[in-house]
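Following: one structure in structure tokens, then a few remarks.
In our numbering, the protein residues as written are 291 to 415.
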């Protein structure tokens, strides 16, 4: 069983770009766009425990900031378990990570994110 630890160096710029875009959109008050960037960061980082856990932490903070009890309650178990699942390679690939989707349901990965994995030389299959 493959053990995943940290985000590969080739993915770091893409992951950080999504988190930066999230911060910019959130500050501008564009919550829909901000959330979309968190979901993209989740998909990029979900196989790596630290990145995965960090995105769920940001999603939990987002839930508090928008006063969404559903998001807060949905993020708590994801925050506690997501990194462990990443570590042992048991993640639902493509899952955007929000409380509005089942936590273990895989989703198709958007073409532009697939291209990121290809450019970074990372296999997501």
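Beta carbons are placed, not taken as given, at the ideal position from N, Cα and C, and that holds for glycine.
- A straight line joining the alpha-carbon of residue 356 with that of residue 312 spans about 14 Å.
- For residue 333, the secondary structure class from DSSP, reduced to helix, strand or coil, is helix.
- Between residue 317 and residue 364, the alpha-carbon positions lie close to 23 Å from each other.
- Fewer than three Cβ pairs drawn from the stretch 343-354 and the stretch 398-408 lie within less than 8 Å of each other, which leaves the two stretches out of contact.
- Annotation: residue 400 to residue 384 spans about 8 Å, alpha carbon to alpha carbon.
- By the CB criterion at 8 Å, residue 301 and residue 334 fall inside the cutoff.
- Distance from the CA atom of residue 346 to the CA atom of residue 413, rounded to whole angstroms, is 22 Å.
- Looking at the backbone, the Cα of residue 375 and that of residue 343 are separated by about 10 Å.
- Following the DSSP letters along the chain, one finds residue 380 in no alpha helix (DSSP H), marked with neither H nor E.
- Cβ contact annotation for residue 397 (same chain, cutoff 6 Å, sequence separation greater than five): 384 and 385, in chain order.
- Counting the other CB atoms within 10 Å of its CB gives residue 388 a total of 16 or more, which places it among the buried residues.
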